[in-house]
Amino acid sequence: MKGTECPTPPLRWLVDRPIWENQWPLPHDKLVALRELVQEQLDQGHLEPSASPWNTPVFCIKKKSGKWRLLQDLRKINAVLEGMGTLQAGMPSPTMLPADWPVLIVDLKDCFFMIPLHPDDRPKFAFTVPTINNAEPAQRSQWKVLPQGMRNSPVLCQWYVARALSGVRKQFPDAHVYHYMDDILVAVPTQYELLRIQPQLLNALHSHGLQVAPEKVQQQPPWKYLGVKILERTIHHQEVQFVQSVKTLNDAQKLVGVITWLHPYLGLTTAQLSPLFELLKGDTDLKSPRELTPEARKVLEEVQQAVSAHQVYRIEPSIDVTVFITTPDLHPTGIIGQWNDDWTDPLHILEWVFLPHQTHKTATALFELIVPLIIKCRQCCLQLMGADPSKIMLLVQREEFDWSYANNVSMQSALEGFSGQITYHLPSHKLLQVAKNTQFSLRPKNSQEPVQGPTVFTDGSGKTGKAIVTWQDGSEWQVLESPEDG
1 MKGTECPTPP LRWLVDRPIW ENQWPLPHDK LVALRELVQE QLDQGHLEPS ASPWNTPVFC
61 IKKKSGKWRL LQDLRKINAV LEGMGTLQAG MPSPTMLPAD WPVLIVDLKD CFFMIPLHPD
121 DRPKFAFTVP TINNAEPAQR SQWKVLPQGM RNSPVLCQWY VARALSGVRK QFPDAHVYHY
181 MDDILVAVPT QYELLRIQPQ LLNALHSHGL QVAPEKVQQQ PPWKYLGVKI LERTIHHQEV
241 QFVQSVKTLN DAQKLVGVIT WLHPYLGLTT AQLSPLFELL KGDTDLKSPR ELTPEARKVL
301 EEVQQAVSAH QVYRIEPSID VTVFITTPDL HPTGIIGQWN DDWTDPLHIL EWVFLPHQTH
361 KTATALFELI VPLIIKCRQC CLQLMGADPS KIMLLVQREE FDWSYANNVS MQSALEGFSG
421 QITYHLPSHK LLQVAKNTQF SLRPKNSQEP VQGPTVFTDG SGKTGKAIVT WQDGSEWQVL
481 ESPEDG
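With the first letter of the sequence shown counted as 1, position 391 gets the number 391 in the UniProt record's numbering; the numbers rise by one all the way through.
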């Protein structure tokens, strides 16, 4: 390893006794490949000889390129290793990069292999290279760097790279430095400042033994970063290949996972994506059968078109950030954006905000969805820029809002501490027009005081589909039951 080795913190273990799992035999071709891979890692200083009482099996697989890959089965090690939690709740949003700021992106090469494992923990990651017919003593080695497959390797990688970047952040406090795993993005106001920060950044990484992949240094647009293409003012998603063949719940989960990741950029409502979310219902066995319905296939086509057509914008620091609450198809949707009449498109969307596909209640009034949406939009703004939006735009009458704020504790909680402006109409724009025909009330259809009329009790079983209703008619109780098939 090159550069100054800064040791990572020691791992915490749940047991004191060594874990030993015997190495299984390997066929000749894989054994030859394994020996070559191990020798390569020894030569590079990633492995060292071992006499550890710990052992877990190793094997190798052939990649599509034809090259072999070394793998270690660390399941039993991970089971006795205390987790380190999460250092980063998610990926940084490139929409917070100021418009027109030049950008530099670097990828770290073999990041795990560049980060030293604490010396006390190295024996825990020992393994054995077997021999055919026990012809000679087995070769034993242990990792000196973060092992692939160790549960805490991603966290330690984040911690180590963040430590390497800390000096750059202090030296250039006005720069935007985004770091996620082995991807690093730097943005500054001018090209001159970018030329100043680049050598300092590379020196900081090299001094910690981290190597930059030269072919992955990006200095000109479009910059590709964490699945998106960044231009001077706009951000587009890179082309995404969706799985067209869904046969199991696991396939459906993977598909919905990708779409959930894309969701803040697409402008498609949760209701529009509902046929895809419906695939997750039913049998929870990962191998249980699933297939794309005609409705789901149609939605998938719409998502593919949206990936190509839709874009979000980089923030303009001189323009206030506004939250627009819209109600397309009576499904409240938030838009975090900026409005400027002087722009060709006066609405620059930074992020779409959606409510979950399923609500906690079977029947939820529209006004009950506005409150959590306001909360989510404010939380999103705090996460993105550390501040509330300057303005929240609601499609309600002023008197409706005033009544709700005075009588609804949930609305009061949603706006607690908000010092910005609240307005009650949306500007004219094609993405907001869909909501302008939908005037709704924030007043709940219930009363704080008892009302005249019968008291009706209902209950139902989600398992059997059976429901029952009972009420008192005079001195007698009436009962109405539904059949089990609904």
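Backbone N, C-alpha and C fix where the C-beta goes; we use that ideal spot for every residue, glycine too. It should be emphasised that the depicted structure is a prediction, and the values quoted were computed from it without experimental measurement.
Quick one, are the C-beta atoms of Ser50 and Ser153 less than 7 Å apart?
Along the sequence shown, one-based indexing puts residue 50 at 50. Along the sequence shown, one-based indexing puts residue 153 at 153. Contact: no.
If you reduce the DSSP assignment to three classes, tell me which class Phe113 lands in.
Locating residue 113 in the sequence shown gives position 113, where the first residue counts as 1. Looking at Phe113 - three-state DSSP - the assignment turns out to be helix.
Excluding the 5 residues flanking Lys144 on each side, which residues of the same chain have their C-beta closer than 7 Å to its C-beta?
Numbered from 1 along the sequence shown, position 144 holds the residue referred to as residue 144. Gly45, His46, Leu47, Glu48, Pro116, Leu117 and Arg122, listed in sequence order.
With distances taken from CA atoms, which of Ser475, Leu194 and Ala164 is nearest Asp174?
Residue 174 sits at position 174 when you count from the first residue of the sequence shown. Of the candidates Ser475, Leu194 and Ala164, the one whose C-alpha sits nearest the C-alpha of Asp174 is Leu194.
Is it true that the region 338-347 meets the region 301-321, where meeting means three or more beta-carbon pairs spaced less than 8 Å apart?
Segments in contact, yes.
Determine, for Met393, whether the minimum Cβ-Cβ distance to residues of chain B falls below 7 Å.
Any reference to chain B falls outside this structure, which holds one protein chain only.
Looking at Pro18 and Pro53, is the spacing between their C-beta atoms short of 7 Å?
As a first step, residue 53 must be located in the sequence shown, where it is residue number 53. As a first step, residue 18 must be located in the sequence shown, where it is residue number 18. A contact, by the Cβ cut-off of 7 Å.
To which residues of the same chain is Leu87 closer than 8 Å at the C-beta, ignoring the five residues directly before and after it?
Start at 1 with the first residue of the sequence shown, and residue 87 comes out as number 87. Excluding sequence neighbours, Leu87 sits near Val155, Gln158, Trp159 and Ala162.
Could you compute how far the alpha carbon of Gly474 sits from the alpha carbon of Gly460?
The residue you call residue 474 lines up with position 474 of the sequence shown. The residue you call residue 460 lines up with position 460 of the sequence shown. Those two C-alpha atoms are separated by around 25 Å.
Rank Gln39, Glu302, His28 and Ala252 by C-alpha distance to the C-alpha of Leu292 and give the top, closest one.
To locate residue 292, count along the sequence shown from 1; it is residue 292. The shortest Cα separation from Leu292 among Gln39, Glu302, His28 and Ala252 belongs to Ala252.
Classify His425: buried if its beta carbon has 16 or more other beta carbons within 10 angstroms, exposed otherwise.
As a first step, residue 425 must be located in the sequence shown, where it is residue number 425. Counting Cβ neighbours within 10 Å, His425 comes out exposed, since fewer than 16 surround it.
Contact defined as beta carbons within less than 8 Å: I believe Ile392 pairs with Tyr313. What is the distance between those atoms, to the nearest angstrom?
For the purposes of this step, residue 392 is taken as the residue at position 392 of the sequence shown. For the purposes of this step, residue 313 is taken as the residue at position 313 of the sequence shown. That pair is no contact at about 19 Å.
Please go through the region 38-94 and give each complete alpha helix (DSSP H) segment of 4 or more residues, from N-terminal end onward.
You should have 75-79.
Spatial neighbours of Pro189 within its chain, please: CB distance less than 7 Å, with the 5 preceding and 5 following residues excluded, ordered by chain position.
Here the question's residue 189 lines up with position 189 in the sequence shown. Excluding residues within five positions, the ones whose Cβ falls inside 7 Å are Trp101.
If you draw a straight line from the alpha carbon of Ser390 to that of Ala213, how long is it in whole angstroms?
Locating residue 390 in the sequence shown gives position 390, where the first residue counts as 1. Locating residue 213 in the sequence shown gives position 213, where the first residue counts as 1. Spanning the two alpha carbons is a distance of roughly 41 Å.
Check Gln379 in the structure and name its three-state DSSP category.
The residue given as residue 379 occupies position 379 in the sequence shown. Helix.
Identify every residue that forms a DSSP beta bridge with Phe172.
Within the sequence shown, numbered from 1, the residue matching residue 172 stands at position 172. Phe172 is not bridged to any residue.
Find the nearest neighbour of Gln72 within the set Val129, Gln304, Val80 and Gly90, judged by alpha-carbon distance.
In the sequence shown, the residue the question calls residue 72 occupies position 72. The shortest Cα separation from Gln72 among Val129, Gln304, Val80 and Gly90 belongs to Val129.
Within a Cβ cutoff of 7 Å, which residues of the same chain sit near Glu295, ignoring the five residues on either side of it in sequence?
Translated into the one-based positions of the sequence shown, residue 295 becomes position 295. Hits under 7 Å: Pro275.
Look at the alpha carbon of Leu350 and the alpha carbon of His263, and state the distance between them as a whole number of angstroms.
Residue mapping note: residue 350 aligns to position 350 of the sequence shown, counting from 1. Residue mapping note: residue 263 aligns to position 263 of the sequence shown, counting from 1. Those two C-alpha atoms are separated by around 13 Å.
Does DSSP classify Val188 as helix, strand or coil?
Position 188 of the sequence shown holds residue 188. Three-state result, Val188: coil.
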